[in-house]
Structure formats: structure tokens, C-alpha cells
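K.L.:
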């Protein structure tokens, strides 16, 4: 032990002495005061030799290059001495150094501190910068260069060759000395595990390999007497390259290639060695680590130029190597990067995907490697979906039967495909070549994912993305042929689990499953509600509902259209064949029905139906069948044919409605609020399918109209009864179809009309009209709303130069069509469409005057006399109240011009309000319009003020419902029955119980056709009218002091008495509050009258 300690002390002493001399060369002593670098280096060398006890060398005072070279040589000496001290005494060739591992022989290296290591790195830099690099430059300049064609290239530079032999020998010596630092035991030994070795490998590997390549692989044809090949450097260089990690070797080689290497053979051997490195285990990943180090740190995307260079490098076949062997290795490594689920950076995935895409579809058309790579790549990605998963279920470690084509598990293949497609440029050819052969199994897998609720959602999203991407990029014929394979049931069966493991299994026999399900089981399941309409209880493959939903998600109308036609033809053929499989026939039928249900509306409907003649015949037959089942169908309207666009054809409500087939309903009957047509579920489904098909056909064929296809006229006639008398599910579809046909009919009827005067915007009114009609036929709601907005702008009055309104610059022949469109839009359930239609009708009245207003008033009030008024349906009431909304806008916009329309508005509205046989909702609407009329213009109300006020008071007196308190005993009940003042008699309705009173209050909300005049909304409207009239007249009296606005005194007294009684006794709280407000208005009016 004493000898070992003494030896270690001696080593430490020697190491300190060597490091001190090295500090002199590195300039770490801090005693320099000169600024000239030559003088500084000369001074360092003098101090260095003094420390050694030697005389100064003669070339120390020479040129700067010589001084630098001498400094580098002495620095190498110091490094060699340090390496000899800290290196293990008995190196083991089989020993692999482990970070942090120390032993007795490693102890001297522990004496190196951080400053010492930095000093050694500086000395190494001096060796390569001032010795290896300049010597190599002078030696390389003496080597003749050749062009890629083999011809000698003439150098223009003048080269001094006198010192080349000395430079060559010195460079040779330095290289072998440096390599001995790394390989202490020779080429067959391991790397010397010291800090100096790590510094050379980390910082100067490229600087060392470059001269090794220049001299070690120097062709004999290019050698000379002074510069000879150094064959001994080849095994050293190969040992270093193959021993170090791929990333370090590739970094060094790529640094050499990217530098200024003028020797062609060096470039070739460097590329060859890099290709060999790539073929090592994880060689491609090491290449990516070396080339994308900056991107991995910063997180930025790799530049396209760098990706192109990587792809070019990987595509380059090494000389003397078979294509199948090389590309099989590269593709396998790239797929391992794509399918890995570890810490693979995005830049590596992007580079792998980009390289594969460039291999399959090279930019150079003459490059024939694409077909070879495709034959390797496609089976590797597609085989997991096309073959039964081998081995245990959910085992991802399946082996490959071919060394060239790697085998992946299905989930690994999904991961690789997803990474490849999302990290490369969009290429329809690449996507089609990879996904088209596996679309049937991918769809089967997607159906399995959707069927198993516990399936992995991420994998489900990825597979769904594959299918949608393929469907939107594939060519039409190829897509149809591939989807027909899905219809034929190809794709196999799959199993999935919660963890995301998937496997293709042997296909089971669906018939056995069906046989186990008895009719009794079916009956019980149906009674329990376990099956919906679209349930696939017969296990049809593909599932019709799911498959059509998938087709809809593709958004490929051309493919779905041709597939739909092919399904129709196959169904007809299967139906006609006697030996056809009934399950196949049922599958075709179910697919056709599902396509009609799911793809006959929305964006996916565009272009689906390219043969409208047969479809329109089906639509007409379906609608006629639905109409014949109704007991309320108007036979005269159904038999009428559309011969042209007329105003009466565009009315929502017929002027003279024939009620001979109707049934007079009682005023308080609940039956009148139910749909008069009772259909079975299947009949309603057929009707809905027909309407959806009609909308799809009209959208897919913009040129269809009643002139080109007369059957549309018959369909248009059938639609009105469906829009009026059908279920709530059918009415919106029928209204939308009528709107489309109305716009198409209007568009075709004015196709030959003369063009009107151009508008200020430069577009003719007819052009704007045609544009609006086209937008109205669009299935998207905002687009239809914009079409209505254009029509509203078209019919709005224009401001002339003298600031007066004039009629719109629009041909009056277009007015009926526009009016019909607005009336159709009044029935729309969307609030924006409805409000736009209301504003459009108001604008038409403002632009075209009394003619349009007269039509609106007739639609609102005409036909309410006699028997016809007793059979008003909910739709009739809704239509008239919606027209009333338009009249309200007209009244508001008329303003001071309202007196000119008083005789046209007030009498019909007054007639509706006082008609007790009409629904209460309609009477309430008329009272609200009269109140708005009075509030807008007091002057226009003057001729009718007394009569209207008296009528409102009569209504309040007759229809008021006092509060009935529940008596505590019979005596209290008799005493409470006495009426106050004897002015009003208590009606029989005052005896109702509280529950019936509540039902009466809510009746108008749920029964729009009720005629119960005791409903509070009627009294509220009457009070609202009196309030607004009193306010308007009081305001006019204060401003003008005109006695014409004063109401008779007896009428005022009667009004205050009745309203006061209502305030005190009415059962409705809102009525009592409004009555108090009315009393305040009457008091204000009375005060204004007294001030006259």
C-alpha cells in the first residue's frame, strides 16, 4: 500500500508540472502584456522552454505560421503527457466505461479540475487550429483534383510545393499521435476513457476525420512522391466511426460534407461512410439527432431545404449495395420512427414522413426508386389490416416473414400512417396509394370503434380522419369501386379493447347469431323499446345507418351520387332475380332509404341526384298518397295545375276557402288544435323522405322549373296541403319545399321579361331579383336570409333628388312574385327569416302604396264571415297573426302619412276585433294593431275614436271576470255575491273554481284557436288601446289645444267607471295593473280637456 501511495504522489506531482507548462502555452498565467500575437506566442514558447530547462528552438523567432505550428506541437506534447498520466495502466479491451465509474487506476484523472479541463480543451484547439488544419490545407492543395466526369481540373492558384514533403510528414506524425490518444491499445482496443478522449470526440471529431479521409483514402492515381496514401489511417477512422454513437459520427461526416471540401474523392467517401452509418441500428434516428439538434432544442420546424437534403441523402443508394437490402433497411427504420410512442421529437417525425414521401414520389421523374420503395412501404403499412392478426390477441410483437418488409401490429400501423400523413405535404397520390387498398378494413374497424363504447377515442379519431381524408381526395371512379367493396361486406371483423389494442379476427357467421334470436325475443324487444327505426337487428354489413352517415361525412356528392344510382340499379336487379339473396336485397333497400333520409338535405345533397325524372315521379306518388289519407285535403286545389305565376297562386290562405269537406268545431273544442291529418309512422317517414328528396333534386339541378319539368307544378299543388294540414315534422319541410318551388317558378316566369333601369350600384333590378331567387333556394339558412334581404332592398322606396320618396326602380311584373315569397317566409320558424319577411312586406307597402297594403289587409281580415270563420285551424290563425306583424310594421313606418290609409286599415281591423265568433288570439292581434294605429297617428284615429273607445268599454264590461273568493260559509258566500253599484252583472264564469280560472288564463298559449272571450289577453289589449289613445289625445291637446281631440264627457265618465271597476275586481293581476295605468291616462286626458 505504501508503494501505491508513493506512485500516486509522483503522478500527481508530474501532472501538476505538466499542467503548469500547458498553462504557459494556453496563456493562462495572466503575465502577458503584449498585444502582437506573434510576440505573445514567442514569449509563451520562451517561458515554456525555460520551464523545461531547454534552450529556445531556432524557428521560434520565424514567421507567425511557424510560431503557431511550434505552439501547437508543444501543446500536443503536453496533452500526450497528461493522457499518459491519467490513462489506466492496464486497459481492458472489453471494458466499457460507465459514467461516474472510478477505480484505482482512474484515480489520477480525479486530480483534473474544471480549470485544468478548460486548459486542455484550449490546447486541443491549438493543435487542430494551428497544426492539423494548416498542414492539411497545404497538403490537400498539392493533390490533383478531378471532376465527377473523371477529368482533371486545372487550378488557377499558385501553390508552393517546396514544403509539402515536410508538411506531409509532420501531418502524418500528428495524426498518428492524436489517434493513439484515443486508441491506447490500438485499433482493436476500446476508446481511452479519459476527459481528453471525450474532448476530442465531442469537439474535434470532424477535424480529425477530415485529414484521415484525405490521406487514408487517397487514390494511388492522385498520389505523388511527397504525398502517399496512409492506409493505416483507414482502420483507425473506421474504428472511430463505428464505435461512436451514430449521431456523433453523422455530425462529424455531415460537417465535412457541408464544409469546403474541394477533393471529389473525399466527398464520395464521406457520403459512402454516412450511408453506412445510416444502415446501423437506429442509424436514421442518429442522423436526425445530428442534423436536427437545433430544431430539437428550439422547437422550431425544420426548413424545407434541410428536409430535402435529408431525403436526398436517404434516397442515395451506396455503391455496391443491393436496392432491396438498402431501402428495406431505411424504410424499416423510418417506420420505427413513425410508429414509436416514445420521446420522438416532431422534427424527427416530420423528417421521416417527408423522406418516405420523397422516396415514393421522387421529384425527378426519371428516378425509378419510387416503385421499389412503394412495394416495400405499402405492404408494411397495409398488411396489418388485410391479414388476420397472428399470435395472441392484442400482441404487438408479431414478427415479419420478410426481412425487407417489416411487420407492424394494427395499432402501430395506425400510428405510423397518422404520423406519415400529418407530417408530409398533402399528396393525393400518396394518400390514395396508402389508404385505398385498406379502406374496407378501415371502415370495418371504424364501425367496431363506434359500436364498442369503451374503445380508445384517440384511435377512433385517427381512423375517422383517415377515412375522411381519403374520401375527399380520392378520384371518383376509384372511390366508387372501393366503397362498393364495403357494400359487399369486405373488411373483416375486428376486436378492440380499452387500452387501444386492436386485432383482426376470423369472420364469424352472422346467420348463427340471427338464428338464436327468436321471433318471441324480437317481439319482447320491440315492446320494450329497445329497437329504434334504424336499428340493424339483422346484422347487415355494412350497417346502413352508419355507412350512410360515413358517406355524408366524406362530403363527396359526386361519389355518393353515382353510388346511389348504383344502389338503385342493384336493388332493381336483385328484386327481379329469383335466386337473389334476400339479405342483400334488404341491404340495398336500407341503404337507399338511409341515403334519402340523411343525404337529401344540407351541403351533402349537392349533386347526389343526377337523374331527377324518376325521383320526381316517386316524390309525386308519395305526396299524393299522403294527401289521399287526409280527410281535410282541398280537392280543387289538388287538381289544379300551375300554368303561370299569378298573385292568387302565391297566397298562403285561400280567399274563398271551401269548407264543404270540413267539420264545424265547437268554440271550446280541443280537437281543432290537433293536426287534422293522422298518419302512421311509416307514412310520415315516406312523406318526409319524399320532401327531402325534392329539396335535394331542386338543389342539385338549378335549371329545373315548371316549364322544363311540368311535374313540378303538380308537386307544388300538393305541397300546400302538407304545409297546412300535416304533422309538425312535415310542415317545415313542406314550407321549405314550397319556398324553393315558388322562387324557381318566379325565376322562370320572368326569364324573358325586359330589363329594368339600372340601379345606382350598377346591377339591374332584374339581376338583383334573379340573384335573390337563387339565394332563396340555398339550404343554408343565412344564405336564404340574405336573399330575402336583397328582395327587401329591391322593393324599398328610393330617395329622389328633391328628398321625396319615389317608387322603386322595379318592373311591377315582379311584384306578385316578391309578395308571394315574403308571404311564404312569414311561415318560417326562424325568427330572422320571419322578421326580414315582415320588414320586406312593410317596405313593399312603402314602395308600392295601397295596392300591396290592400292585399295584406285582405289576407288578414277577409274570409272571416259566415261558416268559413268557424273552422279556422291553428295554421290559419298563425298565418293571419304573422300577417298582422307585417301590418304592425307598416303602421309604424307610415308615421304622419297614416291618415291616408285610415279607411283601408281601421274598419277591417275593427271588424275582426268585435267578432266574437273568431279565435281570441286573432281578436287580440287586431286590438294590438288598432292600439299601434292610435299611438302612431292621433289625427288618423279621430274619425273612429269615439266608436273604438265605446267598443273597448263594452268589451271590458261584458268580458270582465271578477275575482271569486272561496267562501268560508254559506252566509259569507251570499253576502259576497252582491255586485257593487249595480253597474255590472256577475257572469256565469265568475263561479268557476281557481283551477279552471288558471286554465282559462293559459288557454291562449296552448290553444290558439280557442274562442273563449274571457281570456285575460283580450281585456289587456282593450285596456292597452284605451291607454295609448288617451295618451295620444292628451299630447295633441297640450300641443295644439284643438277641441277635436276631446272625447265626450259621458264617454269619459263611463270609461272611468268601467276601468275603475276592472281595477278593483278583475281576477287577472296584469289586467288590474294595466287598468290602473289606463285610469291615469284618462285622468291626464280629462285635465287636458279642462284646460281648453
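Residue numbers (the UniProt record's numbering): 1 to 1092.
C-beta atoms are modelled at their ideal positions from N, C-alpha and C, and glycine is treated no differently.
(1) Going by beta carbon distance, what residues of the same chain come within less than 6 Å of residue 1008, once the five residues before and after it are set aside?
(2) Do residue 350 and residue 307 come within 9 Å of each other at the CB atom, strictly closer than that value?
(3) Assess, as a yes-or-no matter, whether the segment 767-782 is touched by the segment 686-703 under the definition of 3 or more beta carbon pairs within less than 8 Å.
(4) Taking residue 484 as part of the alpha helix (DSSP H), name the residues at either end of that continuous run.
(5) Tell me whether residue 707 sits in a helix, a strand or coil according to DSSP, three-state version.
(6) Would you decide whether residue 848 is buried or exposed? Buried here means 16 or more other CB atoms lie within 10 Å of its CB.
(7) Ignoring anything shorter than 4 residues, give me the alpha helix (DSSP H) runs that lie fully in the segment 314-372, in order along the chain.
(8) Less than 9 Å between the beta carbons of residue 48 and residue 25, yes or no?
(9) Taking only the alpha-carbon atoms, compute the straight-line gap between residue 1046 and residue 934 and give it to the nearest angstrom.
(10) If you pair each beta-carbon of the segment 283-299 with each one of the segment 224-236, do three or more pairs fall below 8 Å?
(11) May I have the straight-line CA-CA distance separating residue 492 from residue 329, to the nearest angstrom?
(12) What is the rounded straight-line gap between the Cα of residue 63 and the Cα of residue 39?
(13) In this structure, how does DSSP classify residue 865 when only helix, strand and coil are distinguished?
(14) I need the DSSP call for residue 504, collapsed to helix, strand or coil.
(15) Could you compute how far the alpha carbon of residue 888 sits from the alpha carbon of residue 468?
(16) Could you tell me which uninterrupted alpha helix (DSSP H) segments, each at least 4 residues in length, are contained entirely in the segment 168-229, listed from first to last along the chain?
(17) Pull the bridge partners of residue 1066 from the DSSP assignment, please.
(18) When we look at the beta-carbon of residue 1097 and count the other beta-carbons within 10 Å, is it buried (16 or more) or exposed?
(19) Which runs of the alpha helix (DSSP H) fall wholly inside the segment 410-487 and span at least 4 residues, in chain order?
(20) Counting Cβ pairs closer than 8 Å, one from the segment 421-430 and one from the segment 350-368, do we hit at least three?
(21) Are the CB atoms of residue 785 and residue 832 within a distance shorter than 9 Å?
(22) Going by DSSP in three states, residue 54 sits in which element: helix, strand or coil?
(23) If we ignore side chains and look at the alpha-carbon of each, how far apart do residue 263 and residue 216 end up?
(24) Taking contact to mean 3 or more Cβ pairs, one atom from each stretch, closer than 8 Å, check whether the segment 278-287 and the segment 333-341 are in contact.
(25) Among 13, 357, 899 and 385, whose alpha-carbon lies nearest the alpha-carbon of residue 372?
(26) If you measure between the beta carbons of residue 819 and residue 765, is that distance less than 9 Å?
(27) Please determine if the segment 273-280 and the segment 239-248 are in contact, where contact requires at least 3 C-beta pairs separated by less than 8 Å.
(28) Confirm, please, whether the CB-CB distance from residue 544 to residue 483 is below 9 Å.
(29) Decide yes or no for the touch test of the segment 65-81 against the segment 187-194: beta carbon pairs closer than 8 Å, at least 3 of them.
(30) In three-state terms, what does DSSP make of residue 1081?
(31) Which one or two residues does DSSP pair with residue 494 in a beta bridge?
(32) State the Cα-Cα distance for the pair residue 229 and residue 430, rounded to the nearest angstrom.
(33) Can at least three beta-carbon pairs, one atom from the segment 469-488 and one from the segment 366-386, be found at a separation below 8 Å?
(34) Just to confirm my understanding: we take residue 249, look at its own chain, exclude 5 residues before and 5 after, and list those with CB closer than 7 Å. What are they?
(35) Taking the Cβ atom as the reference point for each residue, do residue 956 and residue 1023 lie within a distance shorter than 9 Å?
(36) Run through the segment 244-273 for me and flag every whole alpha helix (DSSP H) of 4 or more residues, listed as ranges in chain order.
P.N.:
Let's see:
(1) The residues are 874, 877 and 921.
(2) yes
(3) yes
(4) 476-487
(5) coil
(6) buried
(7) 323-339 and 346-360
(8) yes
(9) 14 Å
(10) Taking 8 Å as the limit for Cβ pairs, the verdict is that the segment 224-236 does not touch the segment 283-299.
(11) 31 Å
(12) Approximately 11 Å, taken between the alpha carbons.
(13) Assignment of residue 865 by DSSP, reduced to helix, strand and coil, places it in the coil class.
(14) strand
(15) 50 Å
(16) 195-216
(17) 962
(18) The shown model of the chain, from 1 to 1092, leaves out residue 1097, and the question about it has no answer.
(19) 410-422, 428-435, 439-451, 457-473 and 476-487
(20) yes
(21) yes
(22) coil
(23) Distance between the alpha carbons of residue 263 and residue 216: 13 Å.
(24) yes
(25) 357
(26) no
(27) yes
(28) no
(29) no
(30) helix
(31) 504
(32) 48 Å
(33) Between the segment 469-488 and the segment 366-386 there are fewer than three C-beta pairs closer than 8 Å, too few to call the two in contact.
(34) 241 and 277
(35) Yes, they are a contact pair.
(36) 246-258
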